[in-house]
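Following: one structure in C-alpha cells, then a few remarks.
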Amino acid sequence: MYVRSLWAERFRNLRRLELEPHPRFTVLYGDNGQGKTNILEALYLLATLRSFRTSPPGAVDDLIQMGERKATVGAWVERLGVERCLRVEMSREGPGRKQVQIDGKTARSGAFFGGFNAVLFCPDDLRLPKGPPAQRRRFLDRAVWNTRPTYLREVQAYERILRSRNALLRGEGRTGCSSQMLEVYDEQLAAAGAVLVGRRVAYLQDLAGGFHAAFARVSRSGLSAEVRYHASVPLPVEQGETAVQQIAAQLRQRLLDDRRRDLQRGFTHSGPHADDLEFFLGGQPAAAFASQGQLRALVLALKIAEICHLHTVLGDPPVLLLDDVSSELDPRRNAYLFEFLQEISCQGFITTTSPRYILLDAAERRDFQVHAGEATLANHVL
Amino acid sequence: MSGDPIGRLVRELSKLPGVGQKTATRLAFHLLRAPAQQVRDLAQALLDVKERIRLCSRCMNLTELDPCALCQDARRDPHLLCVVANPADLLAIERTGSFRGQYHVLHGVLSPLEGVGPDDLRLRELLQRLQEPGAQVREVIVATSPNVEGEATALYLARVLKPLGLCVSRIASGLPIGGELEYADGITIARALEVRREM
C-alpha cells in the first residue's frame, strides 16, 4: 500500500500541510521542533486512530493547534490497486471527538481499520529490551493488532473485565466483595485473558524464524536471537482452540491461588496485563549480557521481522514510519537498515535532522525541508 | 414558582434523555399551540405512569395490575423463565411473540465499576420465586446483553441458580437474521463460528 497524498490542517504545528510523497521514500529533514514527527504522527493517526505521543493514546486535545477547536488529517491511500480517501477530524468539544470518514462517508472505527497499515520505528523502540515491561507489551499488542484489527476489541474487553475485577477487589461502591462475585470475574478474566495470551504467543511463533534470520544479517554474527513470552501461567506446547482453553483453565487456577494477595493489595497480579517479553542472544538474557550495539541490532531485527511478517499476512507491504532512527544507530547498522529498506517494496517516511544519514538513491526519494510547520520540496543535490 | 411558564417548561423538557435546548423549545411551542384537551391528556398520562405504574410483585416488570397481565396469563408455560436486565428488553422479546414462558426483570446488570452488586438487582425476588413451594420453573433462560456486564450477570446467575437443580441456559449470539455476512463485525463472525451447529 502507499500514500499518494497527505494533508493536515491545524494539526499540532502543521497549520496547512499538503504533501505529495514519493512512492518509495519521503525524507523529512529539518531542525528539532519544526514538525517532522508531527507529519509521521498524522500518518500514524490515519492508520491507527491513535497517536504514539499522547497519553492516553486516544487523547485529541494535544493534537489540535493551540487556540483552534478542530484539526483534520487526511490521505489518499492506495491498497492492492484500490485508492481510498481517509480522513480524521478531531474536535475539542462534543461527543464524537474523533470523526472518521472513508471516501467522504462517515465510518465506524471498526470499518476504518485494516485499509491502511503503518509500522512505526522510533528511538524509544531501541530501548525495548531494557525498557519497562509495559513498553514491550505495547509493542506486541500493536504488532498483533496490525495483523488482525479485531484484536483491539479483545484487548478492550479484557481491560474492562480487569478494571471490574480490581474494583471488586477494592470493594468499591456498595457491591462488597463476595467470593461468588469474584469467581464470576475470575472466569471472565481467564477466558478473555487466554485469548490475548494465545494471540500474542502465536504471533511471536510466526515471527521467530524471520527475527532470527534478520538478526544474523544485521549483526553478521552466528549468535542465535530469540524472543520469549513470559506468561503468568505455564503455556501448552500446542497452538489452537484447545490451547486457549488450557490457558484459560491455568489462568483461572492462578487467579484462585492469588486471591488472598489480590484482595490484600486491591489489584490483579496475574494475567496478560502483567506478562512480559524477554530477548535472548546466544541463549543468554540479552538485557543483562548483550552490548549496547547488540541490543540495537536485536530491535532492528525485530522491527524488520515485524514488517516482513505483516507484508506476508496482508499480502501488501505496510507503510513504514521511521522517526529519527539513523541518529541512534552506528554507521554499520544504519547502512544495513537502508540496505534492507531498498530491498523491500514498502513505502517509507523518514525523519532526520540531517539528510546525509539517509543512504538512498536520488531516484528513490523525495526530500522535504520541514520548517515551522511547513514542508517545502528540497532542491538540494545529493 | 417561576413567573416564566414557557421557560420553566423548556427547562423541564430538556431534562429528558435525548432532548436538548432546541428540541425542548420546539416541543414547548408545539404544546402551547396544541388544543387544551390534548395537553391535558398528556399531563394526565404523565401523572398516571408515575402514580399507577409499579413493579409486579412476581416478575418485577412494570405494571398497573399486580400480579401483571403476563404473570396472570394461564396460557404461558410455567416451566420456562426468561431473565432480562430491563423492562425494555422484556418488551423486545415479547414483540417477537416467540417466547411463551414467564419473565423476571432484574432492573440492571452487575457492574463493579458503577458500584452495582447483586444486592442492587432484583435477585432476591428471583430466588424467592424459584424456591417457593409449588414453583414450577425447570429452565431459566438468561437473556442479558452479550457485553462484559451482561456476561458477568449471566455467569453469576448460573452460579446461583444451578445449585437449585435448575437448568440454566444463555441466549445465543451471532449473525443477525436477514443481515449480510460481509457487513458483520469480526468479533460477531468469530463468535458465530465458535457456536456453529451441525446440520
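If you read the sequences in order, they're chains S and G.
FYI, the numbering for the first sequence is 64 to 445, going by the numbering used here.
FYI, the numbering for the second sequence is 4 to 202, going by the numbering used here.
Yeah, the Cβ is synthetic: ideal placement off N, Cα and C, and Gly gets one too.
Nothing here was measured: the structure is a model prediction, and the numbers come from that model.
CB contact check: residue i to chain S, cutoff 8 Å
i: Glu-185 of chain G; result: no
i: Leu-179 of chain G; result: The sequence shown places Pro at residue 179 of chain G, rather than the Leu named in the question. Not an interface residue.
i: Gly-6 of chain G; result: no
i: Glu-67 of chain G; result: no
i: Glu-201 of chain G; result: no
i: Ile-174 of chain G; result: no
i: Val-171 of chain G; result: no
i: Leu-198 of chain G; result: Before going on, a small fix: residue 198 of chain G reads as Val here, not Leu. No, Val-198 of chain G lies away from the interface with chain S (no Cβ there is under 8 Å from its Cβ).
i: Glu-128 of chain G; result: no
i: Gly-182 of chain G; result: no
i: Arg-162 of chain G; result: yes
i: Gly-120 of chain G; result: yes
Extent of the continuous beta strand (DSSP E) run through residue i
i: Gly-137 of chain S; result: 133-142
i: Tyr-292 of chain S; result: 288-293
i: Val-87 of chain G; result: 83-87
CB contact check: residue i to chain G, cutoff 8 Å
i: Val-247 of chain S; result: yes
i: Gly-236 of chain S; result: Residue placement at Gly-236 of chain S is poorly supported in this model, since its pLDDT is 49, which falls under 50; the coordinates are not used for a value here.
i: Arg-461 of chain S; result: No statement about residue 461 of chain S is possible, as the shown extent of chain S runs from 64 to 445 and does not include it.
i: Glu-406 of chain S; result: no
i: Ala-312 of chain S; result: no
i: Thr-213 of chain S; result: yes
i: Arg-322 of chain S; result: no
Limits of the alpha helix (DSSP H) - the one that residue i falls within
i: Thr-111 of chain S; result: 99-111
i: Val-382 of chain S; result: Element bounds for Val-382 of chain S: not the alpha helix (DSSP H) but the beta strand (DSSP E), 382-386.
i: Ser-227 of chain S; result: 214-232
i: Gln-105 of chain G; result: Gln-105 of chain G -> not in any alpha helix (DSSP H); beta strand (DSSP E) instead, spanning 105-108.
i: Val-376 of chain S; result: 355-377
i: Pro-299 of chain S; result: Segment: none, Pro-299 of chain S is in no alpha helix (DSSP H) and carries neither H nor E.
i: Glu-402 of chain S; result: 394-406
i: Gly-189 of chain G; result: 189-197
i: Gln-24 of chain S; result: This structure cannot settle anything about residue 24 of chain S, because the visible part of chain S is limited to 64 through 445.
Proximity test, residue i beta-carbon vs the ligand MG heavy atom, cut-off 7 Å
i: Val-296 of chain S; result: In the structure shown, the ligand MG is absent, as is every other ligand, since no ligand is present at all.
Reduced DSSP category for residue i - H, G, I as helix; E, B as strand; rest coil
i: Arg-73 of chain S; result: strand
i: Gly-178 of chain S; result: coil
i: Pro-196 of chain S; result: helix
i: Leu-178 of chain G; result: coil
i: Ala-435 of chain S; result: coil
i: Ser-242 of chain S; result: helix
i: Pro-348 of chain S; result: strand
i: Leu-66 of chain G; result: According to the sequence displayed, residue 66 of chain G carries Thr and not Leu. Strand.
i: Glu-81 of chain S; result: strand
i: Gly-236 of chain S; result: Residue placement at Gly-236 of chain S cannot be trusted, given a pLDDT of 49 that sits under 50; the coordinates are not used to answer.
i: Leu-34 of chain G; result: helix
i: Val-42 of chain G; result: helix
i: Arg-211 of chain S; result: coil
i: Val-66 of chain S; result: strand
i: Ser-118 of chain S; result: coil
i: Arg-14 of chain G; result: helix
i: Arg-262 of chain S; result: helix
Identity of the residues DSSP links to residue i by a beta bridge
i: Val-151 of chain G; result: DSSP lists no partner for Val-151 of chain G.
i: Phe-278 of chain S; result: Beta-bridge pairing links Phe-278 of chain S to no other residue.
i: Gln-164 of chain S; result: S:Arg-150 and S:Thr-169
i: Tyr-92 of chain S; result: S:Thr-415 and S:Gln-432
i: Cys-170 of chain G; result: G:Glu-142
i: Glu-341 of chain S; result: S:Arg-291
i: Leu-183 of chain S; result: S:Leu-384
i: Ser-114 of chain G; result: G:Val-119
Local Cβ density within 10 Å of residue i, reported as buried at 16 or more and exposed below that
i: Met-202 of chain G; result: exposed
i: Gly-98 of chain S; result: buried
i: Ile-310 of chain S; result: buried
i: Thr-111 of chain S; result: buried
i: Asp-51 of chain G; result: exposed
i: Pro-84 of chain S; result: buried
i: Arg-166 of chain G; result: Residue 166 of chain G is actually Pro in this sequence, not Arg. So Pro-166 of chain G counts as exposed.
Any chain B beta carbon closer than 8 Å to residue i
i: Leu-231 of chain S; result: Absence of chain B from the displayed structure is noted, the protein chains being S and G.
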